[in-house]
Amino acid sequence: MNLSLISLEMSVVALGILVLLADLWLPAERKKMLGYAAAAVLGLLFLNSFTSHCSCALIGESAFGGMFVQDGLSVFFKRFFLLAAVLVLVLAVEFSDRIAAGVSEYYSLIVFALAGMLFAASANDFAMLFVSIELITITFYVLTSFTRGKVVALEAGVKYLILGALSSAFMIYGIALVWGTSGQFNFNELAIVAGDFASNRLFLFGVLFILVGLGFKIAAFPLQMWTPDVYQGAPTPTTAFLAVGSKAAGFVLLLRFLFSAIPEVTAQWGNLLIVISAVTILYGNLCAIPQRNLKRLLGYSSIAHAGYLLLGVAALTSAGQSAALYYLGGYLFTTVAAFVVIALVLRHLDSEDVSGLAGLHQRSPLLAATLTLAMVSLAGIPPLAGFFGKFLLLKAVIEQGANNPGYYCLAFTALVGVVISLYYYFGVIRAIYWSQTAPDLSPIRMSRPIQCAIGVCLAGMFWLGLFPGTVLTLADDAVKFLKL
Amino acid sequence: MTTLTLIFLLPLLAAITLAFVPRNFAVIMRAMAVGVTFVTMLLAVLMFWQFNGATADEYGYRFVSTIPGLGAESLGIACKLGVDGLNVGLVLMGAIVAFAAACCSFEIKSREKEFYILLLTMTGGILGAFMSLDLFFFYFFHELALVPTFIMIGVWGRGERKNYATFQITLYLSIGALLALIGLIALYLQVPADVRTFDIPTLTRYFADNPMAASAQNFIFPLLLFGFGILVSLWPFHSWAALGYGSAPSATAMLHAGVLKKFGLYGLIRVALPFMPEAAQSWMQILAWLCLGNILYVGWVAIRQKDLNLLIGNSSVAHMGFVFLGIASLNLIGVTGAVVIMVAHGFLAALSFGLSGYIYNQTGTLEMSALGGLAKKLRFIGVALTMAALAGCGLPGFLNFVGEVTVFFGAWQVPALRVVTVLAVWGALIIGAVYMLRAVRWVLHGPAQENATYATNAADANAWRKVPHLVLLASLLVFGFFPRLLTDKVKPVTEQIVNMATATSAQSLAENAILDRPHPGFLPQERESHSQLSANANGGDGTSGFGAKEDDQSLFPAQEPLLGARTAMSAQTTGPELPDKAVRAPGFMAAMRDFTIEATPPETFARSRRREEADNVAAQGNPPPHVGGYGSEVQSANLDSAKSLLGREVQGEGERSHSPQDNQSRLTSAATRSE
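Those sequence lines, one after another, are chains W and D. First residue of the first sequence? That's 5 in my numbering, and the numbers climb one at a time after it. First residue of the second sequence? That's 255 in my numbering, and the numbers climb one at a time after it.
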């Protein structure tokens, strides 16, 4: 047993338990600061992951009989999750005054969800896949309805619970079918025999059901129903973590499952992925148009972004996979920035209506600029991260067009989606700068840590947009470990 | 840091600096914007001045510099900047217009901070797009400039339909830009994976050596044509333009209509034509008819306008038709003319929108029926507006005239485009004059409206306010009187581009005429095989391809290249063997010289005049060189009259501009090859 390989995960779990224990002894007014402490520890772990002391340096090793692997892909995603958790924790501290009781539990649940994501990044086995995904999902059931005084939060929690349980059931059924036909649990061993089952109906149904479970996590059509309600009802830090972390966890599992476990089957399913990706893009973008609630709007936009990310998966090439990874990187900074602004600006409002942004450019130019840049980046406009990500995705898709004209259609669908999305993203910008009447013009106060978080997000957006070289190399290295 | 880097980085750095200036200091913001664009303009003028002296790299680009760190090496993306004859004029024009736009922004009274940040970002983006030698950053900078446009129209725009205009222009232009992006990515993917790059010079050489597959051309070219076409308001995708400009604040309209819009045209000329010659040739006929939509239909629409800004917006769409016509002619004269119009129209559009913005500020309206007699109150503005209107009609003395006439000459040379050319000339002379002069009459002449407030309040521009208009007018006139400042730089590049765009037919001509100048990217044996192939494909006559006539290089080293081509062609029509013999026979060469005007060194104007006179005496009033049709009576008759109309500056403009060494090398290569 190679325990040093999971030292990172163990430290994160230990951190979660420590936060829970600290809650027992800390006086109530200091509990808020626990979030900063947790964020600081995770930040250190994040920095440590670039040194040789971390388990992230042990690339190519595996533990638990091949259930847990450490490769470029898992390391890329572990850094991604750590960074996301740091930012979300800082945001959670800012949000903590709106949580009636159990602030420390809120922090520790975020940390436990993070542990699930870290395990998901390394999952190379159906058991690990299912356990990690349940660890993430169940913590999110609680995180979603944490402000249980609010009806919308409860509604969101219940919806997420029911649909999540349903998709888990699908997934476990699929795993059973795949295991029953092929007799393999481990992805590496499954990959060897998967080609033989490429025409086995039961096996293919199993694969399809697993895809249903993963599609629920990433909010791909037709499993996107929960997204807008849950995004709207959940506390903003939860929504941010759901949008970034949970979606990325779904993607790393999807990538590993499709391209490491069943590459031969995936190669035949290009058309299915094209259709899912195209419909997801169109659905997300079209439904976002009439939204007035900001978080709901971002919920639909996150569906659309799942569609864009699926472009990279559907391309079935390493260029596409690395593009998806790069896009996720940009999506992390952009989405967190947007939710930070929402949490700060709409603090005293019951609903997150777009009109609440009126006069923001006078109340806080920094927040106005941040939200504007986040929207511009989500829309995919230079010089921000979203543009370069979309550029890479489009490139990967068009590159495949010579093999299958469907990819050209997919590229055009993505184009249409981008144009539609401009409409509602600019609507948000318009609400910030255009609106004539602003009821509340009091300046917005921000703590230092949240300013740092905003700074990190802004720097990340520009960095990924202007100097893509470093992260692109990381992403390219990461996807080398996938078989297709 | 080279001049070029400074030109495009200064505005962007200034924009970032402004972000940290407290918003109370509106005066500082304004001073900074004007100051920085002024310095940028001076640097651009300096760069333009030093252009001839600067050392060119192996691809013919000057002032080449790379901004380290930007881009991704693994994908072949690098922020490489440089200018050649094609974009040097555009960069200069962009910088001048940006200064004028910053000067005209005094009308902005709210949220100055954001406005000037956006204005400077837009300026930096525009200049970056035009000087970028990397396809990725070419697109990147254009988008960077485009988004501020939308926001500026939305926030500081005017009129009731401001919001509608904002969303219309945003969606329209985004579709265009994204179509072009898909085209550019597809273009990039045509290169084998190991040598993929976005570097324009490298790609140009690559596609010259390895022509793109016809199927790929037929897929990518329409994407670029319509993607870029939407950005340039090609009919029938033009409807965003007039309303968008009509609702925009002056500075935005000046920068977008004047400069940013030329991005699409520049992309067509720089990328689409040379990379995809076969598709270009097959699409040009369609483009020519679409451009009539711009010239005639939008011209008619302009006549009906009641709002001065909408009229100017429509006229700016109409003027784009001439550029498209020049591009569609696919010959040296036409494409050169297109580039000249791009520069000319940049100044003109900026001038018109600047003036209309001033009038709007003074009178509070641009409804032409509510205006009148302004020439009395606003003397300077009135004179400037009249001059702008005349420039828009194509009056000699303004750069627009040079460009339009050149385009018409170029288009006329293509038999398939003659009908279009005739209609376009009609559109330019009649329709253009009608709407321009009517606008002048309504706005400037006649009695002032009795009860209008402007009759008492309107004040003429003071010295400061005059500056932007004076600068733009001066640019139009300077280049109008000395067009060779521009054309001498443009021609070598358009020549290369036209050669690539008509590669197949050019090669078959080369087969016959022998004395072609080797393309830089061609190895001799490759060229042989190319010409063999294309000669077969064209049935060896070289005239079957559309727009395929004027592209042969210099039959006679010391003479006007086009005439060389034309003589080769007309000689061909008499008999397929003739050119070979003819070229080798010294007597034929001597005879040919009589029909041509010799090369004029660009630096001496007086000398060229003396030569022209001498030549005119010698040639007994033979047609001017750039249009000279040997054996074409219709043409020479036409051209004679045209020549008398034009005066000297145009005559000089069509002439060769190669350096003596160039001629020397051609002579020697000619000598060796004819042995």
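Where a beta carbon is used, it is the ideal one built from N, C-alpha and C, also for glycine.
- In the displayed model, D/Ala467 falls within coil according to three-state DSSP, outside both helix and strand.
- Rounded to whole angstroms, W/Leu133 and D/Leu272 show a C-alpha spacing of 51 Å.
- The Cβ atoms of W/Ala252 and W/Leu302 lie no closer than 9 Å to each other.
- DSSP assignment within the region 413-453 of chain D yields the following whole alpha helix (DSSP H) runs of 4 residues or more, N-terminal first: 416-442.
- Chain D has no Cβ within less than 9 Å of the Cβ of W/His309.
- Under DSSP, no beta-bridge partner is assigned to D/Ala268.
- Per DSSP, reduced to three states, the secondary structure at D/Lys363 is coil, with no helix or strand assignment.
- One thing to note: W/Leu30 has its Cβ no nearer than 9 Å to the Cβ of W/Leu24.
- DSSP places W/Leu246 in no beta strand (DSSP E); its state is neither H nor E.
- If you draw a straight line from the Cα of W/Gly274 to the Cα of D/Gly608, it is about 54 Å long.
- With respect to chain D, the C-beta atom of W/Gly464 has no partner C-beta closer than 9 Å.
- The beta carbon of W/Gly69 lies closer than 6 Å to none in the same chain, with the five residues before and after it left out.
- In terms of beta-carbon proximity, W/Phe54 stays away from the interface with chain D, with every pair separated by 9 Å or more.
- At a C-beta separation below 7 Å, W/Phe130 has no neighbours in chain D, since its nearest C-beta there lies roughly 35 Å away.
- In this structure W/Gly184 is exposed. Its beta-carbon is surrounded by fewer than 16 other beta-carbon atoms within 10 angstroms.
- Of all residues in the region 511-543 of chain D, none is placed with a Cβ closer than 8 Å to any Cβ belonging to chain W.
- Spatial neighbours of W/His309 in its own chain (CB-CB distance under 7 Å, excluding positions within 5 residues in sequence) are listed in chain order as Tyr335.
- Against chain W, the CB of D/Val401 has a partner CB under 9 Å away; the residue lies at that interface.
- For W/Leu22 and W/Glu356, the gap between their C-alpha atoms comes out near 34 Å.
- When rounded, the separation of the alpha-carbon atoms in W/Tyr304 and D/Thr420 is 24 Å.
- For the C-beta of D/Val449, not a single chain W residue is nearer than 8 Å; the gap to the nearest is close to 15 Å.
- Under the three-state reduction of DSSP, D/Phe317 is assigned to strand.
- At a cut-off of 9 Å between beta-carbon atoms, W/Ala389 makes no contact with chain D.
- A Cβ-Cβ distance of about 6 Å is found for the pair D/Leu639 and D/Leu698, placing them in contact under the 8 Å criterion.
- Residues of chain D whose Cβ lies closer than 9 Å to the Cβ of W/Asp233 do not exist, since the nearest Cβ in that chain is about 29 Å away.
- Under DSSP, D/Leu335 takes part in a beta bridge, and its partners are D/Ser319 and D/Ser386.
- A distance below 7 Å between beta-carbons, with the five flanking residues on each side excluded, links W/Leu165 to the following residues of its chain, in chain order: Tyr145.
- Residues of chain W with a Cβ closer than 8 Å to the Cβ of D/Val409 are, in chain order, Tyr437 and Trp438.
- Exclusion of the five residues before and after D/Lys515 leaves Val486 as the residues of its chain whose Cβ lies within less than 6 Å of its Cβ.
- Residues of the region 260-289 of chain D with a C-beta atom less than 7 Å from some C-beta of chain W do not occur.
- Using a Cβ-Cβ cut-off of 9 Å, D/Arg365 counts as an interface residue toward chain W, since at least one Cβ of chain W sits closer than that to its own.
- Under the 10 Å beta carbon count, D/Thr309 is surrounded by fewer than 16 other beta carbons and is classified as exposed.
- A contact between stretches requires three or more CB pairs, one per stretch, nearer than 8 Å, and the region 325-342 of chain D meets this requirement with the region 381-399 of chain D.
- In this structure, the alpha-carbon of D/Asn563 lies about 7 Å from that of D/Ser610.
- Going by C-alpha positions, D/Met622 is about 11 Å away from D/Ile613.
- Within the same chain, Asn654, Phe655, Glu658, Val659, Ala682, Leu683 and Gly686 come within 8 Å of D/Gly648 by CB-CB distance, once the 5 residues on both sides are set aside.
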